[in-house]
Each structure stands twice: as structure tokens, then as C-alpha cells.
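Chains as they are written, first to last, in the numbering used here: chain P, 1 to 265; chain D, 266 to 530. Shown next, in C-alpha cells, is the structure this report addresses.
There are 2 protein chains.
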Amino acid sequence: MADSHPPASAEKPGATSPAPAVTRAAAVLDALAASATGRLTLSDLSREVGIPKSSTSNLLLALEEARLISRQGGEFTLGRKLVELGAAYLGRMDEVQEFYRYCEQASVLSRETVRIAMLDGTNVIYLARYEGHPAVRLTSNIGDKMPVSLCAVGKALIARLNWHDIEEMFPDGAELPVLTPKSLRTGAELKAQLSQIREQGFAFEDEESTTGVVCLAVSVPTRGAHGPSLGLSVTALKATYTPEQGSQMVKELQELAHSLGNPMG
Amino acid sequence: MADSHPPASAEKPGATSPAPAVTRAAAVLDALAASATGRLTLSDLSREVGIPKSSTSNLLLALEEARLISRQGGEFTLGRKLVELGAAYLGRMDEVQEFYRYCEQASVLSRETVRIAMLDGTNVIYLARYEGHPAVRLTSNIGDKMPVSLCAVGKALIARLNWHDIEEMFPDGAELPVLTPKSLRTGAELKAQLSQIREQGFAFEDEESTTGVVCLAVSVPTRGAHGPSLGLSVTALKATYTPEQGSQMVKELQELAHSLGNPMG
DNA sequence: GCTGAGCGTTCACTCAACTGAACGCTATCC
DNA sequence: GGATAGCGTTCAGTTGAGTGAACGCTCAGC
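Take a look at the structure:
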């Protein structure tokens with residue numbers, strides 16, 4: 001956990017929510033998701049979220065009734081309803097369906113491993129994966145989170161942000177998480193790549209998350225006002241990767257990104 | 266809940282929740298998940314869930330702040346936070362990781378499509394899928410729900426319940442959902458299979474959910490006191506399926522189920 | 001241009017949800 | 001064995017969240 005946030009102070013001190021119980025319930029869910037074991041007692045949660053035990057107890061009863069959490073003995077865990085809701089979110093995204101359809105019929109991408117991801121703070125979350133290339137079996141799964149600095153799609157996504165936000169997220173000296181010897185180490189190294197990514201219109205990852213694997217990624221132009229920032233990536237083995245192949249992949253990724261961003265086109 | 270559900274009367278009339286705002290917020294999420302388009306306006310939600318617009322507005326503001334929903338113009342959709350929470354729920358289950366590891370190295374299963382699911386009322390929810398057999402591309406995805414009567418894993422899971430609960434869920438005359446000509450039609454038909462499933466230790470599905478496809482499934486012995494009921498299934502094409510292959514698959518499924526149920530073994 | 005239906009928002013009143021101190025209970029410790 | 005610390009639950013007072021009527025707004029229809 002590189003992020004310095006004090007464990008789970010999910011409640012804004014000054015701001016007052018129009019439905020505090022809901023805000024606090026969400027904080028409880030966050031605390032459970034963030035905890036190491038995924039199991040917390042009432043007292044743990046009360047302490048973590050910063051609300052009285054009696055109130056926490058009421059929240060937990062309501063959350064349990066809604067199956068958003070589950071009680072096992074004296075411990076609470078996230079509830080299975082969350083799987084349903086998360087799946088409903090994914091299943092409903094037109095983008096995901098369009099993504100599959102395009103990959104199936106693309107000339108180069110149809111034989112590769114392609115993923116669609118969204119930006120979430122300093123991480124990306126993988127939403128769906130098309131596997132046209134069964135030989136490459138990757139560890140990442142739907143719903144997985146990955147620091148933006150470690151993957152092409154992350155770099156492609158933050159390259160679209162304004163510099164002020166980027167500076168705030170990644171000060172020059174910021175230490176980045178490392179997975180391979182080629183992983184970027186500092187905020188400065190990361191930012192050095194962004195202007196190039198902006199110019200050429202795609203991001204490249206050279207064994208920065210997995211040795212032997214390279215990635216290409218583009219961002220999807222935001223559709224509508226507040227849609228999530230989506231990105232597309234394709235993964236290839238470095239051993240067989242060629243620049244010619246790469247430029248064709250980028251071309252198809254950009255075509256897909258364009259059609260995702262402009263549903264009418 | 267033999268739900269002939271009136272759209273989304275998520276609020277119990279008599280019962281009073283210890284934190285109504287949370288219960289109602291959960292009902293809002295359900296309504297969004299259940300809606301056809303996944304996009305509802307404030308008025309839609311107010312009508313659907315049965316609470317005043319002003320209160321709904323407050324709930325939506327709080328939910329939006331927590332990123333559990335997202336507002337796009339005048340319409341609301343489920344929020345990306347749900348993907349994270351759902352993934353946190355899944356990621357925390359040791360079972361899923363162990364499931365993948367085992368499938369990778371199994372002699373028969375490693376070449377098939379294997380899934381792990383959990384019981385949720387009269388449905389099963391698919392938690393993870395291993396695809397060792399890329400030729401068989403199925404429509405079901407992680408998080409999908411399926412009535413228990415229509416799949417092998419559903420039958421395997423309810424076979425473990427006590428008769429009283431089963432009778433309550435599936436009275437003899439109960440009409441079951443139908444997907445193919447071979448789908449089971451009534452509670453009586455379903456229950457007739459259960460004792461056999463208990464005796465032989467696995468469940469079989471013969472084109473009951475998809476024509477041309479057969480499934481084998483076993484249930485995982487419940488680990489600990491209140492863990493969710495997990496089941497495993499393997500899917501095969503009827504055209505190429507042989508009983509010899511089937512018995513080997515069952516053997517491996519049972520082995521996996523046993524190791525999932527007894528983490529020390 | 002006028003009307004009406006439907007949308008989301010605002011606001012003062014009121015009832016019920018939140019609080020925190022006290023309780024009973026179960027380990028754990030010396 | 002008695003004392004302590006920590007757990008979750010209970011309960012009455014009070015504050016703050018929920019209510020619904022009224023508002024301003026947009027869009028369709030005639």
C-alpha cells in the first residue's frame with residue numbers, strides 16, 4: 001500500500017452528507033475491502049471507521065439484511081450481493097459487449113490477448129479480457145487492480161489527465177511499486193514517458209510488469225460528460241513481437257477506441 | 266422467497282430496519298441492477314423503490330459520493346466502486362486461487378472448462394472460470410446467475426441441503442424455468458434426482474441448459490461454520506463426451522473439492 | 001404563445017435514528 | 001480466584017435526517 005492514507009478515515013470531517021448512514025455504510029464496506037484478512041469484528045469496524053459501536057452495530061445489521069456483508073460468528077466479511085452488483089455493472093457496459101464483438105472480427109487483435117480497463121485513482125481495474133491467443137496465459141483477472149505505472153494501459157490513461165493532477169498523483173520523488181527490473185521507479189521516470197505517449201497516441205510497456213511480456217495500449221476518448229476513463233491494451237510475448245505487428249495492433253486498438261468513444265460512428 | 270416479485274418492492278412493509286437509509290440505498294442498487302437498461306432517473310428510482318423523491322435524491326447524492334452509483338446527466342447507473350468491492354470479495358476467497366492452481370495442473374480438467382460457483386437462494390452465482398478448452402466458448406460470465414434446477418452445479422449444491430429446506434424451495438408442483446426441451450419442469454422432477462446425486466456424489470446435466478452441452482458437478486464440503494456453499498462444475502460437448510472421460514473428470518473434481526474443503530490436506 | 005405534464009430541487013416541520021453511558025458476558029492474566 | 005480488558009448489546013434523551021407540499025424548470029402538444 002504505497003498510498004499514505006490514514007487507514008480508513010472514510011468520513012469527511014467537515015463535509016456533511018445528505019444521508020450519513022449511507023456514507024458510513026460505504027465506509028464500512030471500504031474498510032472490509034481494505035483489511036488484510038477481510039474479516040473484522042464490530043469493534044474493529046467501529047474503531048476503523050470512527051463511529052460509535054452502537055451505531056456500527058445498527059449499520060451492520062442493515063448491511064447484513066441487504067446481504068452486502070455477511071456475519072460469521074463475531075466477524076464480518078463482504079457479502080455475496082457485491083458480486084452480483086459488480087457483475088451487473090460490468091454486464092451492462094455497452095463498451096464491454098462492443099469490445100468483444102470488435103475483437104472477434106479484428107484481423108490482428110482476434111489472435112491476441114486484449115483487455116479493457118478503467119482508471120481508478122492511481123490504479124487501473126481490468127473490466128474484461130478477450131483471449132484470442134490461448135498460448136499466453138496471464139495471471140490478471142477481471143476486477144484485478146494494477147498500479148498505473150506498471151502497465152501500458154495505465155500509462156495511456158493518465159497521459160490524458162491534466163498536468164496538475166498528474167503532478168499531484170506522482171511527485172518527482174514518488175517511489176513507484178516494482179515488479180520487474182524494468183519497472184519504472186519514480187514519478188519523474190513515469191512522467192518523462194507521458195509526453196511521448198501523448199504525441200504518438202499510444203503507450204508501450206517493455207517487460208515492466210512481467211518479464212518476457214510487452215504491452216501496447218491506447219485510451220478511449222471519453223464518451224459523454226462523466227463516463228469512466230477507459231483504456232485498451234494488447235499483450236504479446238517479447239520473443240515473438242515485431243514492430244510491424246505492433247503498428248498494426250496499435251492501428252486496430254485505435255480503431256476500436258474510436259468506435260467505443262463514438263457509438264454512432 | 267418464492268418471489269413472483271412485484272418489480273422491486275425492496276422495502277419490507279412490516280419490518281423496520283435498524284438503519285433504514287442503508288436498507289433503502291441497497292434497494293436503489295438492486296433496482297438499478299434489475300432494470301433493463303441499467304439507467305434510471307431519480308423519478309424512476311423513487312417510483313420503483315417506493316420512497317419520496319426528496320429522500321431518494323438525498324440517497325443518490327450519498328451513493329454518488331461513495332461512487333456506488335454514478336450520475337450521467339439526469340440518469341443514474343451503478344458505480345465502479347462495485348467492481349472493486351465485488352473483486353475484493355472474490356479475491357479474498359482462497360478457494361478461487363486454489364481452484365485455478367489445481368485446474369492448471371490437473372491431467373483431464375486442465376483441458377476443459379471448469380467453473381466454481383456458490384449457492385444463492387434458488388440460484389447459483391459463478392465466481393470464477395478456468396478455460397483450458399478454448400474451443401468451447403460459453404456465454405456465462407463471472408457473476409452470472411443461473412437457476413439451480415438448470416445446471417449440474419446447482420443440483421449438486423441443493424442436494425446437500427436438508428429435505429425440509431428443499432421442500433420449501435421446490436414444492437412438488439413448482440414450475441421451474443425452462444431453457445431447452447430437456448430442462449426439468451417441476452419441483453418433483455428436480456427432487457427425484459437429488460437422492461441419486463447424494464448417493465453417487467456428483468450431479469449430471471444432460472443438455473438441460475444448453476443443447477449440445479453436458480455438465481458434471483460436485484459440491485465442496487463446507488469449510489468452517491458458516492462459509493458459503495461452493496460447487497465445482499466441468500462442461501463438455503455432448504458430441505465428444507464419453508463416460509470414461511466423465512468418470513475421470515468426476516474423480517478430479519472430487520479431489521479438488523476435497524482439497525478446497527480441507528485446506529490442510 | 002399558452003397549457004400541462006413531468007422533471008429535479010428547495011425548505012420548514014417532525015418523528016425516528018444516533019448517541020454514549022451503563023450493562024452482562026467471556027477470555028486472559030497475575 | 002479475583003481482577004482486568006475487551007467484546008457486543010441495551011436503553012432513554014436529543015439531535016439531525018426524512019417528509020411532502022410548493023417551487024422553478026424543460027419539453028410536447030395544440
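Idealized CB from N, CA, C, for every residue including glycine. Quick caveat, the model's predicted, so the values are computed rather than measured.
Contact belief for residue i with residue j at Cβ below 8 Å, rounded distance in angstroms
{"i": "P:Leu108", "j": "P:Glu252", "result": "Per the sequence shown, residue 108 of chain P should be read as Val rather than Leu. P:Val108 to P:Glu252, Cβ: 6 Å. Contact."}
{"i": "D:Thr321", "j": "D:Leu307", "result": "6 Å"}
{"i": "D:Thr500", "j": "D:Val483", "result": "In fact, because the Cβ distance is near 14 Å, the residues do not count as touching under 8 Å."}
{"i": "P:Val114", "j": "P:Leu232", "result": "7 Å"}
{"i": "P:Asp120", "j": "D:Arg345", "result": "6 Å"}
{"i": "D:Leu347", "j": "P:Leu78", "result": "The pair is not a contact, with the Cβ atoms about 11 Å apart (cut-off 8 Å)."}
Residue from the options with nearest C-alpha to residue i
{"i": "P:Glu64", "options": "P:Phe76, P:Arg111, P:Ile158, P:Ser43", "result": "P:Phe76"}
{"i": "D:Thr476", "options": "D:Ser448, D:Ser460, D:Gln458", "result": "D:Ser448"}
{"i": "D:Leu455", "options": "D:Gly526, D:Pro486, D:Ala296, D:Leu422", "result": "D:Leu422"}
{"i": "P:Ala188", "options": "P:Glu175, P:Leu59, P:Leu179", "result": "P:Glu175"}
{"i": "P:Ser195", "options": "P:Met249, P:Leu179, P:Gly121, P:Arg160", "result": "P:Arg160"}
{"i": "P:Ser17", "options": "D:Ala327, D:Gly315, D:Val314, D:Ala301", "result": "D:Ala327"}
{"i": "P:Leu230", "options": "P:Gly38, P:Leu78, P:Val148", "result": "P:Val148"}
{"i": "D:Pro317", "options": "D:Val293, D:Ser512, D:Gly303, D:Gln510", "result": "D:Val293"}
{"i": "D:Glu377", "options": "D:Phe467, D:Thr387, D:Gly397, D:Glu369", "result": "D:Gly397"}
{"i": "D:Pro486", "options": "D:Leu521, D:Ala468, D:Ala457", "result": "D:Leu521"}
CA-to-CA distance, residue j to residue i, given in whole angstroms
{"i": "P:Gln200", "j": "D:Tyr354", "result": "39 Å"}
{"i": "P:Tyr102", "j": "D:Cys480", "result": "30 Å"}
{"i": "D:Met434", "j": "P:Ser70", "result": "22 Å"}
{"i": "P:Leu59", "j": "P:Ile197", "result": "46 Å"}
{"i": "D:Lys410", "j": "D:Tyr391", "result": "7 Å"}
{"i": "D:Ser474", "j": "D:Leu444", "result": "5 Å"}
{"i": "D:Gln519", "j": "D:Glu472", "result": "22 Å"}
{"i": "P:Ala25", "j": "D:Val287", "result": "7 Å"}
{"i": "P:Leu68", "j": "P:Ala33", "result": "12 Å"}
{"i": "P:Met249", "j": "D:Gln337", "result": "32 Å"}
{"i": "D:Gly339", "j": "D:His523", "result": "51 Å"}
{"i": "D:Ile533", "j": "D:Arg450", "result": "Because chain D in this structure spans residues 266 to 530, residue 533 of chain D falls outside the shown range and cannot be described."}
{"i": "D:Glu363", "j": "D:Gly526", "result": "11 Å"}
{"i": "P:Tyr130", "j": "D:Tyr395", "result": "14 Å"}
{"i": "D:Leu415", "j": "D:Pro442", "result": "8 Å"}
{"i": "P:Ile116", "j": "P:Ala128", "result": "5 Å"}
{"i": "D:Ala352", "j": "P:Trp163", "result": "31 Å"}
{"i": "P:Tyr100", "j": "P:Gly50", "result": "44 Å"}
{"i": "P:Thr122", "j": "D:Asp309", "result": "34 Å"}
{"i": "P:Glu48", "j": "P:Phe202", "result": "41 Å"}
{"i": "D:Glu509", "j": "D:Glu369", "result": "21 Å"}
{"i": "D:Ala371", "j": "D:Ala331", "result": "42 Å"}
{"i": "D:Pro446", "j": "P:Pro181", "result": "57 Å"}
{"i": "D:Ser375", "j": "D:Met383", "result": "21 Å"}
{"i": "P:Ser247", "j": "D:Gly511", "result": "46 Å"}
Buried versus exposed, by CB contacts within 10 Å (16 or more), residue i
{"i": "D:Asp437", "result": "exposed"}
{"i": "P:Ser54", "result": "exposed"}
{"i": "P:Gly154", "result": "buried"}
{"i": "P:Leu237", "result": "exposed"}
{"i": "P:Ser46", "result": "buried"}
{"i": "P:Ala19", "result": "buried"}
{"i": "D:Glu349", "result": "buried"}
{"i": "P:Thr37", "result": "exposed"}
{"i": "P:Ala152", "result": "buried"}
{"i": "P:Ser35", "result": "buried"}
{"i": "P:Ser242", "result": "Note on residue identity: the sequence assigns Thr, not Ser, to residue 242 of chain P. Exposed, because fewer than 16 other Cβ atoms sit within 10 Å of the Cβ of P:Thr242."}
{"i": "P:Ala239", "result": "exposed"}
{"i": "P:Glu205", "result": "buried"}
{"i": "D:Ala457", "result": "exposed"}
Open item on the list: Can you pull out the residues from the stretch 279 to 295 of chain D whose beta carbon lies closer than 7 Å to at least one beta carbon of chain P?
Closed with: Taking a C-beta cut-off of 7 Å against chain P, the contacting residues of the stretch 279 to 295 of chain D are Ser282, Pro283, Ala284, Ala286, Val287, Thr288, Ala290, Ala291, Leu294, listed in chain order.
- [ ] Note down, in chain order, all residues in the stretch 497 to 516 of chain D with a beta-carbon under 9 Å from any beta-carbon belonging to chain P.
- [x] Residues: none.
Open item on the list: For the stretch 95 to 109 of chain P, list every residue whose C-beta sits within 9 Å of some C-beta in chain D, in sequence order.
Closed with: Correct list: empty, as no residue qualifies.
Task: Residues in the stretch 42 to 62 of chain P having any Cβ partner in chain D nearer than 7 Å - done: Taking 7 Å as the Cβ-Cβ cut-off against chain D, the residues of the stretch 42 to 62 of chain P that qualify are Asn58, Leu59, Leu61, Ala62.
- [ ] Could you run through the stretch 195 to 221 of chain P and flag, in chain order, every residue whose CB is less than 8 Å away from some CB of chain D?
- [x] Those residues of the stretch 195 to 221 of chain P that come within reach of chain D (Cβ to Cβ, closer than 8 Å) do not exist; the list is empty.
- [ ] May I ask you to list, following chain order, the residues of the stretch 111 to 123 of chain P that have a beta carbon less than 8 Å from some beta carbon of chain D?
- [x] So the close ones are Met118, Asp120.
TODO: Would you list, in chain order, the members of the stretch 335 to 355 of chain D that have their beta-carbon closer than 8 Å to a beta-carbon of chain P?
DONE: Flagged, chain order: Ser335, Arg336, Gln337, Gly338, Thr342, Leu343, Gly344, Arg345, Lys346, Leu347, Val348, Glu349, Leu350, Gly351, Ala352, Ala353, Tyr354, Leu355.
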